[in-house]
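There are 2 protein chains.
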Amino acid sequence: MSNEIYVLRIGHRIERDKRVTTHVGLVARAFGVKGIFFVNTEREIKEKIDEVTKFWGGPFKTEIIEENWHKFVIDWKREKGIIVHLTMYGLPVDQKIEEIRKKEERKLIIVGAEKVPMGLYKISDYNISITSQPHSEIAALAIFLDRFYMGKEISLRFSGAKMNIIPTERGKKIIES
Amino acid sequence: MSNEIYVLRIGHRIERDKRVTTHVGLVARAFGVKGIFFVNTEREIKEKIDEVTKFWGGPFKTEIIEENWHKFVIDWKREKGIIVHLTMYGLPVDQKIEEIRKKEERKLIIVGAEKVPMGLYKISDYNISITSQPHSEIAALAIFLDRFYMGKEISLRFSGAKMNIIPTERGKKIIES
Chain A
22 MSNEIYVLRI
32 GHRIERDKRV
42 TTHVGLVARA
52 FGVKGIFFVN
62 TEREIKEKID
72 EVTKFWGGPF
82 KTEIIEENWH
92 KFVIDWKREK
102 GIIVHLTMYG
112 LPVDQKIEEI
122 RKKEERKLII
132 VGAEKVPMGL
142 YKISDYNISI
152 TSQPHSEIAA
162 LAIFLDRFYM
172 GKEISLRFSG
182 AKMNIIPTER
192 GKKIIES
Chain B
22 MSNEIYVLRI
32 GHRIERDKRV
42 TTHVGLVARA
52 FGVKGIFFVN
62 TEREIKEKID
72 EVTKFWGGPF
82 KTEIIEENWH
92 KFVIDWKREK
102 GIIVHLTMYG
112 LPVDQKIEEI
122 RKKEERKLII
132 VGAEKVPMGL
142 YKISDYNISI
152 TSQPHSEIAA
162 LAIFLDRFYM
172 GKEISLRFSG
182 AKMNIIPTER
192 GKKIIES
């Protein structure tokens, strides 16, 4: 229960952030997250990720929420979930990750595009930075999850995959199942 | 010398990959890479990253190469550099990272967009995967560098920064220097 993580992607800008938001979703899936919630996002992004899950295995839940994400976050807290907001202004991940890992509650990791409202810093249980430098919410999410799962997500197995890759020194080895 | 890393970003598609390629550059800088080479990329991407370096510190080198990147890679090898190609088909990072870290030579990490030519798998000294799942070259680069630098890049200090963030539990603390 305590390692049950969901991601909430906020601040998506139609068209402009299409590929970045898709990468956020794919990283969430590949690194062991249970599911992702998109806010006001193109349907094709959800479909693209569902396709990957169908092909490469799951389970991985995707959902577009149309409502105000503030309400979503408040409901999450009301149901005793923990909010972790990834931001370059927060406390270093290595300082807080053990504490977060120990929490029994479900965790919602919030990943924003460029700017997020100040209220989010207040409502979050943790504001966590992956370096205090500007870089990428995709990288931040990957490093956070890698720290949280202590590197184990890297060899995660997925159920119902149609294809599996056999790691190889040179070239591509794929087996169908 | 042995931890001198450069990144080569290939397969960039004008307009479509603008933000993803920018993220690749920002991650390279934030995670301790010496510089990045872009191939046939919009000038504004290089400028955007140079601006970040001016503001948040460096050093970090950016260069757009117009030539065929194959020639660039061959020259790199001729000058006794090592090529590491990040791909979901490669050997797991944890299996090879120590060996790569021990190499005295300069390293070129190649990060491609969707498909790369088969020749690259052959010319690379290492084809390395960060999970064998489809996700993001941005996340792959971040995890590779994190493993390579053993998590130390997370608290890297940059020279000549105009602004520095003081990590904080809630809100934003910035000091000008």
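Line by line, the protein sequences are chains A and B. Heads up: the first sequence begins at 22 in the working numbering, then just goes up one per residue. Heads up: the second sequence begins at 22 in the working numbering, then just goes up one per residue. Ideal Cβ placement from N, Cα and C applies to all residues, glycine included.
Between B:Gly192 and chain A, the shortest Cβ-Cβ separation is below 7 Å. Shown here, A:Gly32 sits in coil according to DSSP, grouped into three states, outside any helix or strand. Going by DSSP, A:Phe58 is part of the beta strand (DSSP E) stretching over Gly56 to Val60. The Cβ atoms of A:Ala163 and B:Ile164 sit closer than 7 Å to each other. Contact between B:Ile103 and B:Lys143 is ruled out by a C-beta separation of about 15 Å, above the 8 Å threshold.
Nearest Cα to B:Ile121 within the set B:Met171, B:His91, B:Lys55 and B:Gly133: B:Met171. Nearest Cα to B:Val114 within the set A:Glu174, A:Val28 and A:Met184: A:Glu174. DSSP places B:Thr43 in no beta strand (DSSP E) but in the uninterrupted alpha helix (DSSP H) bounded by Lys39 to Ala51.
Between B:Leu177 and B:Gly46, the gap from beta carbon to beta carbon reaches 7 Å or more. A:Lys173 sits in a helix when the DSSP states are folded into three classes. A Cβ-Cβ separation of about 22 Å leaves A:Phe169 out of contact with A:Trp77 under the 8 Å criterion. DSSP places B:Glu84 within a strand segment (E or B) once states are collapsed to three. Look at the segment 102-121 of chain A: the residues with a C-beta under 9 Å from a C-beta of chain B are Thr108, Met109, Tyr110, Gly111, Leu112, Pro113, Val114, Asp115 and Gln116. By the Cβ-count criterion, B:Ser198 is exposed, with fewer than 16 other Cβ atoms from all chains shown falling within 10 Å of its own Cβ.
Around the beta carbon of B:Gly32, a 10 Å sphere encloses 16 or more other beta carbons of the protein chains shown; the residue is thus reported as buried. One finds Leu47, Ala51, Val73 and Trp77 in chain A with Cβ atoms closer than 8 Å to the Cβ of B:Pro155, taken in chain order.
Boundaries of the beta strand (DSSP E) around A:Glu197: Ile195 to Glu197. CA-to-CA, the gap between B:Ala182 and B:Trp97 works out to about 31 Å.
Identification of residues in the segment 124-153 of chain A having a C-beta nearer than 9 Å to some C-beta of chain B yields Met139, Tyr142, Lys143, Ser145, Tyr147, Asn148, Ser150, Ile151, Thr152 and Ser153, given in sequence order.
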